[in-house]
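Residue numbers (the working numbering), protein chains in the order written: chain V, 17 to 216; chain A, 17 to 216.
For each residue, glycine too, the CB sits at the ideal point set by N, CA and C.
The structure displayed is predicted, hence computed values, not measured ones.
There are 2 protein chains.
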Amino acid sequence: MNTAIDFYFDFSSPYGYFASLHIEKLAMQYDRQVNWHAILLGPVFKTTNTVPLAMAPLKGDYSMHDMQRTARFHNMLFSVPDAFPISSQHAARAVLWTQQQAPAKTASLIHTLYSAYFTENIDISSAEQVVRIGADLGLDRTALAAALGSEPLKEQLKAEVTAAMARGVFGSPYVIVDGEAFWGFDRFDQLEAFLKNGKI
Amino acid sequence: MNTAIDFYFDFSSPYGYFASLHIEKLAMQYDRQVNWHAILLGPVFKTTNTVPLAMAPLKGDYSMHDMQRTARFHNMLFSVPDAFPISSQHAARAVLWTQQQAPAKTASLIHTLYSAYFTENIDISSAEQVVRIGADLGLDRTALAAALGSEPLKEQLKAEVTAAMARGVFGSPYVIVDGEAFWGFDRFDQLEAFLKNGKI
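Quick look at the structure:
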């Protein structure tokens, strides 16, 4: 069995969303599993002294245009949400919780959250929306709601982010497979070549 | 006649170098000219509060790996120079001067400077090296050497950088054609689609 593909993403990241639409197909094609890592770029950006792309001088306007153009170019449903960027800790915690409580639903939860935010303009920074979406997928509403604000889950997410940074993760999407790292949806061509040939 | 493609680049930028190897072919294919704009990212990065990629925490190591992998992926000659990144003002000024004094040699000068730096490990931050390379191409050695340190040329380059920022340029390579902007060598697929279809 080939080793899994580690896929790091922030729910507030359009390019993470784009990549999430493609990573499973790519993994399946090359007989890999996807390990999903919902992380928070906030603490990462503090370390790298970066601001969110959309808020950077000059880069901000360009990036708003670029994300919409990139969606059209690859035929992906996408609209810039009214609330953008957002804090994605509730969504990320919900993923962590699901990975422990109902792992088979992890991918569905991720796709549904991303799609709610980037195609339906639903503000998934809200714990209520995250719980509603989880419950619609059959997750235990009460248990999920309680977990989202709980200290252990908060700490666990912090540890995830710290572990990600320790592996060199500094953006979204960020993919690591067999020790090779790929930052950005625009490296998926190189990722595919690596999966195909085992080197690049 | 179609309008020209404005191609902005910094001589210290590997991705600018990669793009410089492809832009003319793309332009020719879609019946366009290339307007070369040698700029300095230093003043731009001050405005955008950015550090050079290679020097950024976490991003730095990744980017050193990524540039070499990208060169291999696209079959381009490349090695990371011993002196990297560098101040590229002499090289940029030489381009400006050549555009005025011997415009037909502009593209050759750019390719030769880039290739000296990224394939022969020649430190083109040195005015002497820039003059030598220019003279090898038949530029007037004495006039070029005198011009590189002259106030008018310095001011002209500053004005070029200011004008670039006023157009929204914040990185290298940065391409503008018919009002559409493309940042990065990894947007050349979208640039080509735009040139082909007139929209994207």
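Query, Result
"First through last residue of the alpha helix (DSSP H) which encompasses His240 of chain A", "Any answer about residue 240 of chain A is impossible in this case: the structure gives chain A only from 17 up to 216."
"Integer Cβ distance of Ile140 of chain A from Ala151 of chain A, believed to fall under 8 Å", "That belief does not hold up - the Cβ atoms of Ile140 of chain A and Ala151 of chain A are roughly 14 Å apart, past 8 Å."
"Unbroken alpha helix (DSSP H) run spanning Asn213 of chain A, endpoints", "Phe204 to Asn213"
"For Val185 of chain A, the nearest candidate out of A:Asp26, A:Leu207 and A:His106 (CA to CA)", "A:Asp26"
"Tyr24 of chain V - partner residues in DSSP beta bridges", "V:His53 and V:Tyr190"
"Of the residues V:Phe204, V:Ala197 and V:Lys212, the one placed nearest Tyr217 of chain A, counting alpha carbons only", "Missing from the structure shown is residue 217 of chain A; chain A here goes from 17 to 216 and no further."
"Positions along the region 197-213 of chain V whose CB lies within less than 7 Å of some CB in chain A", "Ala197, Trp199, Asp202, Gln206 and Ala209"
"Ranges of the alpha helix (DSSP H) found wholly within the region 139-185 of chain V, counting only runs of at least 4", "143-152, 157-164 and 167-182"
"Residue-chain proximity (His53 of chain V, chain A), Cβ-Cβ < 9 Å", "no"
"Candidates V:Ser28, V:Asp47 and V:Leu56, of which the one nearest Leu173 of chain V by Cα", "V:Leu56"
"Neighbour flag for His81 of chain V against chain A, beta carbons, 9 Å", "yes"
"Where the beta strand (DSSP E) containing Ala197 of chain V begins and where it ends", "Glu196 to Trp199"
"Rounded distance between the beta-carbons of Phe23 of chain A and Pro189 of chain A, thought under 8 Å", "7 Å"
"Which listed residue (A:Phe134, A:Leu42, A:Ala54 and A:Trp199) has its alpha carbon closest to that of Pro101 of chain A", "A:Phe134"
"Contacts that Ile216 of chain A makes with chain D (C-beta to C-beta distance below 7 Å)", "No chain D is part of this structure, whose protein chains are labelled V and A."
"Selected residue, minimal CA-CA separation from Ser28 of chain A, among A:Pro119, A:Thr66 and A:Ala70", "A:Ala70"
"Local conformation of Thr86 of chain V per DSSP, three classes", "helix"
"Beta-carbon gap between Thr19 of chain V and Asp194 of chain V smaller than 9 Å", "yes"
"The region 111-122 of chain A touching the region 99-117 of chain V, judged by at least three CB pairs closer than 8 Å", "no"
"Interface flag, Pro73 of chain A vs chain V, CB-CB below 9 Å", "yes"
"Collapsed DSSP secondary structure at Thr64 of chain A in the structure displayed", "helix"
"Unbroken alpha helix (DSSP H) run spanning His38 of chain V, endpoints", "Premise fails: His38 of chain V is in no alpha helix (DSSP H) and is neither H nor E."
"Buried or exposed (CB count within 10 angstroms, at least 16 for buried), Thr86 of chain V", "buried"
"Chain-ordered chain A contacts of Phe186 of chain V [CB-CB under 9 Å]", "Ala72, Pro73, Leu74, Lys75 and Tyr78"
"Close Cβ partners of Leu164 of chain A (< 8 Å) along its chain, the five nearest in sequence each way excluded", "His106, Arg109, Ala110, Trp113, Ala143, Val146 and Val147"
"Rounded C-alpha distance that separates Arg203 of chain A from Gly187 of chain A", "13 Å"
"Ser36 of chain A classed as buried or exposed, judged by whether at least 16 other C-beta atoms fall within 10 angstroms", "buried"
"Beta-carbon neighbours of Thr63 of chain V, restricted to chain A and to distances below 8 Å", "Pro73 and Leu74"
"Length of the line joining the Cα atoms of Ala182 of chain V and Leu207 of chain V", "21 Å"
"Endpoints, the alpha helix (DSSP H) within which Arg109 of chain A is located", "Gln105 to Gln117"
"Cβ neighbours of Gln116 of chain A in the same chain (closer than 8 Å, five flanking residues each side left out)", "none"
"Proximity below 9 Å, CB of Phe34 of chain A to CB of His90 of chain A", "yes"
"Contact under 9 Å by Cβ, Leu74 of chain A with Thr122 of chain V", "no"
"Exposure of Val48 of chain V, with buried meaning 16 or more beta-carbon neighbours within 10 Å", "It is worth fixing the name first, because residue 48 of chain V is Arg in this sequence and not Val. Per the 10 Å Cβ criterion, buried."
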